Amino acid sequence: MKTRYICLFLAVTAMLIIGEGCSKQQEPVTIVCIGDSLTTCGGEGGRYTDWLVKFLPADTIINKGIGGDTLEGGRKRFEKDVLELRPDIVVIELGANDFWQKKRHIEELQADLEDMVHQASKAGIKVVIASCFGGRDYKREKNVEFGSDRYDLGTAIAQMEKDVCKRYDCEYVPNMQIDIKPNMTFPYWDDTNHPNKAGNEFVAKRILEGVKRAKKALR
Numbered sequence: 025m026k027t028r029y030i031c032l033f034l035a036v037t038a039m040l041i042i043g044e045g046c047s048k049q050q051e052p053v054t055i056v057c058i059g060d061s062l063t064t065c066g067g068e069g070g071r072y073t074d075w076l077v078k079f080l081p082a083d084t085i086i087n088k089g090i091g092g093d094t095l096e097g098g099r100k101r102f103e104k105d106v107l108e109l110r111p112d113i114v115v116i117e118l119g120a121n122d123f124w125q126k127k128r129h130i131e132e133l134q135a136d137l138e139d140m141v142h143q144a145s146k147a148g149i150k151v152v153i154a155s156c157f158g159g160r161d162y163k164r165e166k167n168v169e170f171g172s173d174r175y176d177l178g179t180a181i182a183q184m185e186k187d188v189c190k191r192y193d194c195e196y197v198p199n200m201q202i203d204i205k206p207n208m209t210f211p212y213w214d215d216t217n218h219p220n221k222a223g224n225e226f227v228a229k230r231i232l233e234g235v236k237r238a239k240k241a242l243r
């Protein structure tokens, strides 16, 4: 009889532990996506964040994209647009305009990104860095959207992003547009540099993988 009660106790305890684990997996999270025009493009219902809403209906997705923004701009508004919202996860999609402007040294760009990631980490926010430059071999790509004079900068930005991710244990989405390359491929682009609603579905699916990993790390 005593053995039976012990077995029953262990079975109930196991069920409670499993139930607790399942409830944690199902807890909704808040995700802030801070970025530039690649976070705002796509039209009504067609931004990559709108697709994330469809893929993650239980979660809260907040779009904090500003067209033309840079890493420096993101750093300046990070407290207001991210920290004050107290998200569980932040997706940082910035750096494309720094690449096109070509005004600042890679060390300055790294300082801006690292500051945002550091602030998020201190606040217990998991970070996903979404990039246009990682995992690319420009010499093998067809119809690269910029000239060979920028290949080294693209490679340097990607390496910088990877270094920051490694240092702070961030999730990295190295080439969020890989499924719709080259630029202007029908029917995924609004213009040379901005995916439309159809293109952003593929971008969102790439970013979704990083978000899923970040959600798993929250448990």
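First residue of the sequence shown: 25, per my numbering; consecutive thereafter. Glycine is no exception: its CB is placed at the ideal position from the N, C-alpha and C atoms. Owing to the predicted nature of the structure, the values given are computational and were not obtained by experimental measurement.
Collapsed DSSP secondary structure at residue i in the structure displayed
i, result
"E185", "helix"
"E169", "coil"
"V53", "coil"
"I231", "helix"
"K100", "helix"
"A246", "There is no way to answer for residue 246, as the model of the chain reaches only from 25 to 243."
"Y162", "coil"
"Y212", "coil"
"G59", "strand"
"V152", "strand"
"F226", "helix"
"V106", "coil"
CB of residue i within 7 Å of CB of residue j, strictly
i, j, result
"T216", "N224", "no"
"L177", "L133", "no"
"I58", "K88", "yes"
"Y196", "Y175", "no"
"E185", "S155", "yes"
Residue range of the unbroken alpha helix (DSSP H) whose run includes residue i
i, result
"V125", "The amino acid occupying residue 125 in the given sequence is Gln; Val does not appear at that position. Unbroken alpha helix (DSSP H) run through Q125: 120-125."
Segment limits, beta strand (DSSP E) that includes residue i
i, result
"E195", "195-197"
Note to self: Which runs of the alpha helix (DSSP H) at least 4 residues long sit entirely within the region 68-93? Give them in chain order.
What the structure shows: 72-79
Next item on the list: Give a yes or no on contact between the region 142-153 and the region 102-109, applying the rule of three or more CB pairs nearer than 8 Å.
Entry: yes
Check: With a cut-off of 8 Å, do at least 3 Cβ pairs link the region 171-182 to the region 216-223?
Finding: no
Margin query: Contact between the region 146-155 and the region 103-122 is defined here as three or more beta-carbon pairs at a separation below 8 Å; is this criterion met?
Written below: yes
Check: Is it true that the region 77-85 meets the region 116-134, where meeting means three or more beta-carbon pairs spaced less than 8 Å apart?
Finding: no
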